[in-house]
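K.L.:
The structure under discussion is supplied below as structure tokens; questions concerning it will follow.
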Amino acid sequence: MSELPFAATTPVSVSRVGLKARDAEGLADYYRAVVGLQELSRADGAITLGAAERPLLVIEPDAAAKPDDPRSAGLFHTAFLLPSRADLGRWINHAAANKIRIEGASDHLVSEALYLTDPEGNGIEIYRDRLPQEWKWNGDKIAMATERLNLAAVVGSVPAGDAGWQGAPQNSIIGHVHLRVGRPEDAEAWWHDEFGFDTVAKYGGQAVFLSSGGYHHHIGGNSWHSAGAGRRDPSRSGLAWVEMRSDKATEETSREDLWGTVIRTVPGTAG
1 MSELPFAATT PVSVSRVGLK ARDAEGLADY YRAVVGLQEL SRADGAITLG
51 AAERPLLVIE PDAAAKPDDP RSAGLFHTAF LLPSRADLGR WINHAAANKI
101 RIEGASDHLV SEALYLTDPE GNGIEIYRDR LPQEWKWNGD KIAMATERLN
151 LAAVVGSVPA GDAGWQGAPQ NSIIGHVHLR VGRPEDAEAW WHDEFGFDTV
201 AKYGGQAVFL SSGGYHHHIG GNSWHSAGAG RRDPSRSGLA WVEMRSDKAT
251 EETSREDLWG TVIRTVPGTA G
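Sequential numbering of the sequence shown, starting at 1, is according to this note's numbering.
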């Protein structure tokens, strides 16, 4: 059995993501078929999906919602972290066999990742991490890049005679969430103040990456398409909330960031 990824063992980590959906049933079907999540429960119309009884994604219905605006603040992508390179290889084979549209495939030095977009415009990353001891740090900043992914090598990590993709495996988690923000410097200050996150990488004033406990990033914030964006329009679909687990939290809390994105906190030890 695989171990829980390092991303989930830090003092603060991502727990779940909530999406507001114009077609909740259709969106849930997509995440089941494409990402391999399982339906865990339903309550008040909301559909909770996860991996091996670990809840990861909550889809909340709002048929009257306007479509998400990619120029506004909100979700850039939800990043589903698989436990191993072979798991990522299995998913690539699954995507190829089912003609799933992939929009990008990158080697980030710390990780190997593929990118796609769900039917309502929400970005998705499917990735695996290299071992933390393989990451390179320059002082308190981590070395990350966007290089071409060696798809053949990832697929080649799947053992011969393997049973193939059977859905998101045990210990799959949401490793990080990447947000669209109006100004990355402001997002950086907010996550420092509210969660004590460290800045681990910055790119030209247009993107910032922050983390807890030495991870390569739990939260990203960029203004590539949303520079100068103000508060979000609550009548639009897309990101409903992000839930963080914190060792120090003693009760469930909820707050909004500078752009009106709801950030929940739940208590719990790492793991």
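By construction, the Cβ of each residue, glycine as well, lies at the ideal position given by its N, Cα and C atoms.
(1) Which same chain residues, not among the five before or five after L109, have their C-beta less than 8 Å away from its C-beta?
(2) How many Å lie between S254 and D162 at the Cα?
(3) How long is the line joining the alpha carbons of K66 and I124, rounded to whole angstroms?
(4) Roughly how many angstroms lie between the CA atoms of G268 and L210, to the nearest whole one?
(5) Measuring CB atoms only, is the stretch 84–98 touching the stretch 61–75, in the sense that at least three cross pairs come out at less than 8 Å?
(6) Which of the three DSSP states, helix, strand or coil, is assigned to D198?
(7) Would you identify the three-state DSSP class for I92, choosing helix, strand or coil?
(8) So who's on the other strand from T336, going by DSSP bridges?
(9) By a C-beta neighbour count over all protein chains shown, 10 Å radius and 16 as the cutoff for buried, is I47 buried or exposed?
(10) Please name the residue, chosen from P70, G213 and R101, that lies closest to R236 on a Cα-to-Cα basis.
(11) For E243, count neighbouring C-beta atoms within 10 Å of its own C-beta (all shown protein chains included) and say buried if the count is 16 or more, exposed if not.
(12) Are there 16 or more other CB atoms within 10 angstroms of the CB of N138, so buried, or fewer, so exposed?
(13) Within 10 angstroms of its Cβ, does N122 collect 16 or more other Cβ (buried), or is it exposed?
(14) Specify, as a first and last residue, the run of the alpha helix (DSSP H) that V155 falls within.
(15) Run through the DSSP bridge pairs and tell me what P234 is partnered with.
(16) Taking only three categories from DSSP, how would you classify P61?
P.N.:
To lay it out plainly:
(1) R130, W135, K136, A143, M144, A145 and E147
(2) 43 Å
(3) 20 Å
(4) 20 Å
(5) no
(6) strand
(7) helix
(8) For residue 336 there is no data in the structure shown, the boundaries of the chain being 1 and 271.
(9) buried
(10) P70
(11) buried
(12) exposed
(13) buried
(14) L151 to G156
(15) DSSP lists no partner for P234.
(16) strand
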